[in-house]
Each structure stands twice: as structure tokens, then as C-alpha cells.
Amino acid sequence: MSEKVQAIMDAAERMIRQGGYNGFSFREIAAEVGIKSASVHYHFPTKEALAAAVAHRYTDRFGDAVEAEKSSGLNTVAAWRRVFQRSFAEDGRMCLCGALGAASRDLPDEVAAEAKRFFEVGIERLMASGMTREEALKVLATLEGAMLMSSALGDASSFDDATKELA
76 MSEKVQAIMD AAERMIRQGG YNGFSFREIA AEVGIKSASV HYHFPTKEAL
126 AAAVAHRYTD RFGDAVEAEK SSGLNTVAAW RRVFQRSFAE DGRMCLCGAL
176 GAASRDLPDE VAAEAKRFFE VGIERLMASG MTREEALKVL ATLEGAMLMS
226 SALGDASSFD DATKELA
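Going by the numbering used here, the first residue of the sequence shown is number 76, and it counts up by one from there.
This is the structure in C-alpha cells:
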């Protein structure tokens with residue numbers, strides 16, 4: 076992936092995490108990256124294609140981060156918690172797929188499918204560690220909800236308080 080494509084996707088990810096699917100435009104991304112809007116369109120013909128690519132990359136990177144935490148000795152749930160916690164602490168923004176998932180009924184199908192993939196992959200990985208589907212759903216719901224509450228309250232410690240039983 077070229078540096079320009081990477082920069083476009085990074086800018087889109089920040090904007091989506093901050094304001095959801097409707098929180099970005101090609102013009103804003105181009106301005107942030109320092110290119111023309113036509114260059115964004117060259118790499119991503121539609122907003123849907125860009126958002127779907129960003130969500131796909133986010134899911135893969137998130138999974139890789141969880142695996143890295145597990146390899147450092149954390150159990151699966153603690154690893155998921157740590158990755159959510161670190162993500163929020165870095166910039167105070169929501170989980171990209173949580174932000175998209177909250178509006179999934181209003182999203183283009185391609186984008187909604189990628190947001191859904193994040194949760195399906197999460198459920199599968201948690202179940203692979205020995206959890207039931209119900210337990211996996213509870214863990215993801217707790218983590219996403221804690222991130223939402225922390226964002227709304229403007230208080231990162233709320234995340235820790237809401238998820239300490241998962242640690």
C-alpha cells in the first residue's frame with residue numbers, strides 16, 4: 076500500500092472515529108493529506124469504498140493488536156480490554172466499527188458489512204478462547220459500551236471502572 080493511500084485511510088479513520096460515516100468528505104481528507112480531492116477519488120472511487128476499506132483494515136489491525144497482547148501473556152479477555160483501553164486513551168475517539176455499527180441501518184451495504192465483520196470476528200475469536208457466544212457478546216458489548224460512556228463523559232477512567240471485572 077502506498078504512503079498516499081495509507082495517509083488517506085489514516086485521515087478517514089480518524090474522521091470516522093470522531094464523527095461517524097457522515098463525519099468526513101473526500102475534500103476534507105484531501106486537505107488533511109495535502110492532495111487534491113481527485114487523488115482521493117483515484118484510489119477510492121466512492122466514499123463507500125473508502126469507508127469499507129478503512130473498516131476492513133481496522134478489523135485486521137485490531138485483531139493483530141489483540142494477538143500481540145495475548146503473546147505478551149494476557150488472557151484473551153484482558154487482551155481485548157487492553158486494546159480497547161489503549162485505543163481510547165490514545166486519542167479519546169470511539170472504536171471505528173463501534174461508531175459505524177451504531178449507524179449500520181443508515182450505512183451503505185458495503186460499509187455496514189465491514190462494520191459487522193469486526194463484531195463477527197471478535198465473537199469468533201472470543202469463542203475460540205473457550206467462551207460461549209453469550210459470554211463473547213457480553214464482553215464486546217461491555218467494551219464498546221464502556222468506550223461510548225467514556226467518550227460521552229469525557230472521562231477515560233470511566234472505561235476502567237466499567238470494565239475492571241473483565242481484567
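Glycine is no exception: its CB is placed at the ideal position from the N, C-alpha and C atoms.
What span of residues does the alpha helix (DSSP H) with residue i cover, start to end?
i	result
residue 122	122-146
residue 104	101-108
residue 172	171-177
residue 90	78-94
residue 167	Run containing residue 167: none; DSSP gives neither H nor E here.
residue 236	232-238
residue 213	208-228
residue 197	184-203
residue 113	112-118
Using the rule of at least 16 other Cβ atoms within 10 Å of the residue's Cβ for burial, across every protein chain shown, is residue i buried or exposed?
i	result
residue 122	buried
residue 134	buried
residue 109	exposed
residue 182	buried
residue 228	exposed
residue 207	exposed
residue 78	exposed
residue 232	exposed
residue 126	buried
residue 199	exposed
residue 88	buried
residue 147	exposed
Would you mind stating whether residue i and residue j have Cβ atoms separated by less than 9 Å?
i	j	result
residue 194	residue 176	yes
residue 90	residue 170	no
residue 131	residue 209	no
residue 99	residue 163	no
residue 238	residue 215	no
residue 115	residue 101	yes
Practice task
State whether the stretch 88-104 contacts the stretch 145-160, with contact taken as three or more CB pairs (one from each stretch) at a distance under 8 Å.
Solution key: no
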